[in-house]
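**Student:** My questions all concern the structure below.
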Amino acid sequence: LQSKTQNGSGRSSFPFPYTPYRIQEQFMAALYAALEAGRVGIFESPTGTGKSLSLICGALSWLRDFEEKKQQEEARLLAPEGSGQEEKQPLASGGLACLNSGDTSGEPDWITAFVQKKEEQDLVHRLKEEQIRRKKREERLEKIRHNVQLKYAAKRKRSEEDETKHLLQLSKEILSEGAGEAVPEQLDHNEEELILAEYESDEEKKVTSGLEEDDNNDLEEEHVTKIYYCSRTHSQLSQFVHEVQKSPFGKDTRLVSLGSRQNLCVNEEVRRLGALQLINDRCTEMQKNKHEKKSDAEVEGKKRRVSRAVCPFYSYEQMQFLRDEVLVEVKDIEQLVTLGKETKACPYYGSRYAIPAAQLVVLPYQMLLHEATRSAAGIILKDQVVIIDEAHNLIDTITCIHSVEVSGSQLCCAHSQLLQYMERYRKRLKAKNLMYIKQILYLLERFVVMLGGNVNQNPSCQAVSQTGTELKSINDFLFQSQIDNINLFKVAQVSSIGTLFGFVERYGNPAPAVKTNKENQKLAGLQNFLMTLQQGSYKEGPLQSPPVEADNDHFQAASPLMHIEGFLSALTNANEDGRVILNRQGTIGQSSLKFLLLNPAVHFAKVVKECRAVIIAGGTMQPVADFREQLLSCAGVDPARIVEFSCGHVIPPENILPMVLCSGPSNQQLEFTYQTRDLPQMMDETGRILCNLCNVVPGGVVCFFPSYDYEKQVYAHWEKAGLLTRLATKKKIFQEPKKANQVEQVLAEYAKCIKRCSQAGGQMTGALLLSVVGGKMSEGINFSDDLGRCVIMVGMPYPNIKSPELQEKMTWLDKTMPRAASQAPSRVLIENLCMKAVNQSIGRAIRHQKDFASILLLDHRYARPAILNKLPQWIRERIQVKSAFGSAFAELRKFHRGKSD
């Protein structure tokens, strides 16, 4: 079974676009071994060490070797009788005998032999089918790759169809002119839709007769062994895809990028809806219209009265073409959308059709970590490889994806809409659907009672008698709200919720401010909706995406049922794995119910259990204990299956100067606890340290504060004390904005100022950026070269220990986790959250091999051995603890002078 690999599960050399660093070679070798042995790996490679390329070349080398070995094995099994039979026999029968060894002990030999022979024949038959499918796919892709004419044939065909539609439109206009102006405008609109619908249905027949059969066969194609790569943001995923394009695997890897409809939809009418759930719902409704058109030909007469929109991009033939184009050449999300517009094919569904045959699937966190979203996307993890990058916040990410909050106003709004709907159409509903709607109404009523209100009154006008936060276990919440007798699994899964959401969005009246005079349209929509409920034909429902925190009031007001569906699903978690937080504010409308997931391992366990191997990777994974204990141990991963890899940095030791500063220029001890950090002398001392540093550090200085509030407080104090004026003589001062959309502008101005100062010379030597830990600047933004010659961390950014969510998590950890080195698990959690945030922020400065920077940690508590041990290895090895400011300043001046010479 050996191919190019050496030492069984190792490999000595990897294809790489340039000569790799030694640590990259070690990273790839460790990754290859982990994938081969089916391990769960925690891999740390500091930013600037080429982690993405190491992941690509290591993982795809393993996949290539794995495919080669599999094909050699297939060839041996499928070898014709008489040739290579001796070689084939032990492999086939040996592999199959073990399947039957348990239950054939009492059987006669001839039965055992017959069963083995039968299983062997089945295996060979299956392999032959797989081989035929693979060859067919390879031939198809090869044809597209080399035949430019074929490549644009579908595009040309689509243009011809557009031209035909245009002519039909003209004909219709001529006909309507001939008929005079007596025809009402509404009919004209319906007529237009009808002609387009008829034309599309002709195309559908054409597709059904030929290509669609092939398509269905292709869609049944088995999932080949593949690597699922996920990261946090679409920009990180695009960056990764560009790295694949540049790598030696860029030409012959079948890669597909997945995204939400919001990112991939090319239908302008749907895109304009803006909010994710509105887009999801409109899309699924348009598909349903298309399928019903095909299946309900006998009720065509009725359909004419209720003409409904279908998506012109949802064409099997075009999506097949798009799928093959995706597999032929590596594309990122933007290129995929461009291709979708060119070929008039839906990139959202076209990319999903490409999943089975793809070797590398690139997707955002939520799509992989949320089970309902995963299955809706057609992702099958069985025996596949998963790589989770930028995973330093993985525990928090899983917790957030599965935690849901619903406000009192959302509960009342949903109740009002459903009640109106039920009253008006009660006679048209099946008994079962009516029962479910009544159950949902009852649940909503009880939830509002739990907040202290009445569902039939305006939530904004109901004052809450007892404000505050209360935590309950799931069971206590269910008992106290008197809903423990309702099967939440069924209510949460019933497709009516999704369908009702669609009804409410378009035909309900969510707010008095929304006025509509399209009564006919509303009625048509209701009839369609009622038909689906009565026939029980609506199975798909909107794509289940994890509940997302609303960005604006409109989104929140528009989709209460989405949040409620998520909340009901969350209540089906095991009692010990979550808590319900009742947050009672001024009015019922402002109050909320929140489900908090305490044990993220229950959801991660499914991923780890199904996959062949899982790799959790990041630039700063320290402290690793969290991943081992809270995620992997709780998910039932055998400790022997876990492997850790951490490598140093590519920069030489002399290019970094990390220091812990215990006191300031006036010998004031630095301790930024909640009790002491507001003291004027502490803020003054911080200002004096910065004034001294700005005199000797060239270019940009980035200073991180524990919170926005503290940064504002310090800034105001410095302004009053005249410290800002002193600082401004050497560095122009910038503050991190709270709004995400302003970050780019501030960064651009900060960079421009540094560049201008370095070119002009003079007294002003650069800029000072006041940032916040956990803000936009502390993650995902590079302060390379002159943008970050010194990074300062003011105090230790411990999380807010008074937060009820955090307190509950701490209590849960103390109950469920063993004590580590005489420290309570809750104390370890607090320290780890703090140090994770520190590591993320200080890792921003060094971005490549020739970069250099100094790193200052302002607080004597950093000098504790337990804290120092939680710093990344490459910083920990070089850190100096300075009790007096004088020696630290001398060291710093020497470092920066040496670099500027």
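According to UniProt numbering, the residues represented by the sequence shown are 1 to 901, in order.
Note that beta-carbon positions come from the ideal geometry of N, C-alpha and C, so glycine has one too.
Pull up the DSSP beta-bridge partners for F595, would you.
**Tutor:** DSSP, once it has assigned bridges, lists V404, V580 as partnering F595.
**Student:** Out of C311, P825, A463, state which residue places its alpha-carbon closest to the alpha-carbon of T284.
**Tutor:** Looking at the Cα atoms, C311 is the closest of the given residues.
**Student:** Evaluate S209 with the Cβ neighbour count: other Cβ atoms within 10 Å of its Cβ, from every protein chain shown; 16 or more gives buried, anything less gives exposed.
**Tutor:** The predicted position of S209 is uncertain, since its pLDDT is 36 and thus under 50; no value can be drawn from it.
**Student:** DSSP has A767 in a bridge; who is on the other side?
**Tutor:** DSSP, once it has assigned bridges, lists G700, K732 as partnering A767.
**Student:** Could you check if L724 belongs to the surroundings of the ligand MG, using beta carbon to heavy atom distance under 8 Å?
**Tutor:** Of the ligands one can find in the structure shown there are none, so the ligand MG has no counterpart to examine.
**Student:** In terms of DSSP beta bridges, what is V881 paired with?
**Tutor:** Answer is V660, bridged to V881.
**Student:** Taking 7 Å as the limit between beta carbons, can you name the residues of its chain near G58, skipping five residues before and five after?
**Tutor:** F14, F27, M28, L31, Y32, listed in sequence order.
**Student:** Which residues bound the alpha helix (DSSP H) around E470?
**Tutor:** From DSSP, E470 is part of no alpha helix (DSSP H) but of the beta strand (DSSP E) over 468 to 473.
**Student:** Opposite F645 in the DSSP bridges: which residues?
**Tutor:** Partner(s): F43.
**Student:** Which word fits D109, buried or exposed, when buried means at least 16 other C-beta atoms lie within 10 angstroms of its C-beta?
**Tutor:** Exposed, because fewer than 16 other Cβ atoms sit within 10 Å of the Cβ of D109.
**Student:** Express the C-alpha separation of L78 and Q245 in angstroms, rounding to a whole number.
**Tutor:** Roughly 35 Å between the two C-alpha positions.
**Student:** Among Q630, A372, Q320, V743, which one has its Cα closest to the Cα of P347?
**Tutor:** Nearest option by C-alpha distance: Q320.
**Student:** Can you give me the Cβ contacts of R861 inside the same chain, cut-off strictly under 8 Å, excluding the 5 residues immediately before and after it?
**Tutor:** Closer than 8 Å at the Cβ level, and outside the excluded window around R861, lie E671, M796, I867.
**Student:** For Y228, which three-state DSSP category applies?
**Tutor:** Y228 falls in the strand class under three-state DSSP.
**Student:** If you reduce the DSSP assignment to three classes, tell me which class E200 lands in.
**Tutor:** Unreliable positioning characterises E200 in this predicted model, as indicated by a pLDDT of 39, which lies under 50. The coordinate reading is nonetheless provided below. If DSSP states are grouped into helix, strand and coil, E200 belongs with the helices.
**Student:** Have a look at Q24, L770, Y710, A625 and flag the residue whose alpha-carbon is nearest the alpha-carbon of G700.
**Tutor:** With distances taken between Cα atoms, G700 lies closest to L770.
**Student:** Return the Cβ separation of C230 and Y425 in integer angstroms, given the expectation that the two are a contact with Cβ distance under 8 Å.
**Tutor:** No, C230 and Y425 are not in contact; Cβ-Cβ is about 42 Å, not under 8 Å.
**Student:** Whole angstroms is fine: what's the gap from Y442's alpha carbon to E334's?
**Tutor:** Their backbone Cα atoms lie some 45 Å apart in a straight line.
**Student:** Which one of V624, S351, T233, S61 has the shortest CA to CA distance from P872?
**Tutor:** Nearest option by C-alpha distance: V624.
**Student:** Compute the beta-carbon to beta-carbon distance between V616 and G41, rounded to the nearest angstrom, for a pair I have assumed lies under 8 Å.
**Tutor:** One detail in the question is off: residue 616 reads as Ile in this sequence, not Val. Right, their Cβ atoms sit about 7 Å apart.
**Student:** Provide the residue span of the alpha helix (DSSP H) that contains C834, from first to last.
**Tutor:** Per DSSP, C834 belongs to the alpha helix (DSSP H) from 825 to 842.
**Student:** Quick one: using the 10 Å Cβ neighbour count with 16 as the cut-off for buried, is A463 buried or exposed?
**Tutor:** Per the 10 Å Cβ criterion, exposed.
**Student:** Let me know if F43 comes out buried or exposed under the rule of 16 or more other beta-carbons within 10 Å of its beta-carbon.
**Tutor:** When all chains shown are included, F43 counts as buried.
**Student:** Mapping the DSSP letters down to three states, classify C753 as helix, strand or coil.
**Tutor:** Of the three classes helix, strand and coil, the one that applies to C753 here is helix, per DSSP.
**Student:** Can you tell me which residues form a DSSP beta bridge with T587?
**Tutor:** A463.
**Student:** Mapping DSSP to helix, strand and coil, what is M796?
**Tutor:** Coil at M796, not helix or strand.
**Student:** Kindly list the residues whose CB is nearer than 6 Å to the CB of R897, restricted to its own chain and excluding five residues on each side of it in sequence; keep chain order.
**Tutor:** Within the same chain, R897 has no close Cβ partners at all.
**Student:** If distances are taken between C-alpha atoms only, which option among G843, K899, L857, T816 comes closest to W874?
**Tutor:** Nearest C-alpha to W874: G843.
**Student:** In its own chain, which residues sit with a C-beta less than 8 Å from the C-beta of C461, not counting the 5 before and 5 after it?
**Tutor:** Contacts found: T587.
**Student:** Whole angstroms is fine: what's the gap from G774's alpha carbon to I279's?
**Tutor:** Cα to Cα, the separation comes out at about 31 Å.
**Student:** Out of G766, A760, K739, K738, which has the shortest C-alpha to C-alpha gap to E749?
**Tutor:** With distances taken between Cα atoms, E749 lies closest to G766.
**Student:** Candidates V256, T686, A75, Q480: which alpha carbon is nearest F705's?
**Tutor:** Out of V256, T686, A75, Q480, T686 has the C-alpha closest to the C-alpha of F705.
**Student:** So the alpha helix (DSSP H) L856 belongs to, where does it begin and stop?
**Tutor:** Element bounds for L856: not the alpha helix (DSSP H) but the beta strand (DSSP E), 853 to 858.
**Student:** Figure out for me which residue from L363, G722, Q668 has the closest Cα to the Cα of S260.
**Tutor:** Of the candidates L363, G722, Q668, the one whose C-alpha sits nearest the C-alpha of S260 is L363.
**Student:** Counting Cβ pairs closer than 8 Å, one from the region 559 to 566 and one from the region 393 to 412, do we hit at least three?
**Tutor:** The region 559 to 566, when compared against the region 393 to 412, does touch it at the 8 Å Cβ threshold.
**Student:** May I ask you to report which of helix, strand or coil DSSP gives A574?
**Tutor:** Three-state result, A574: coil.
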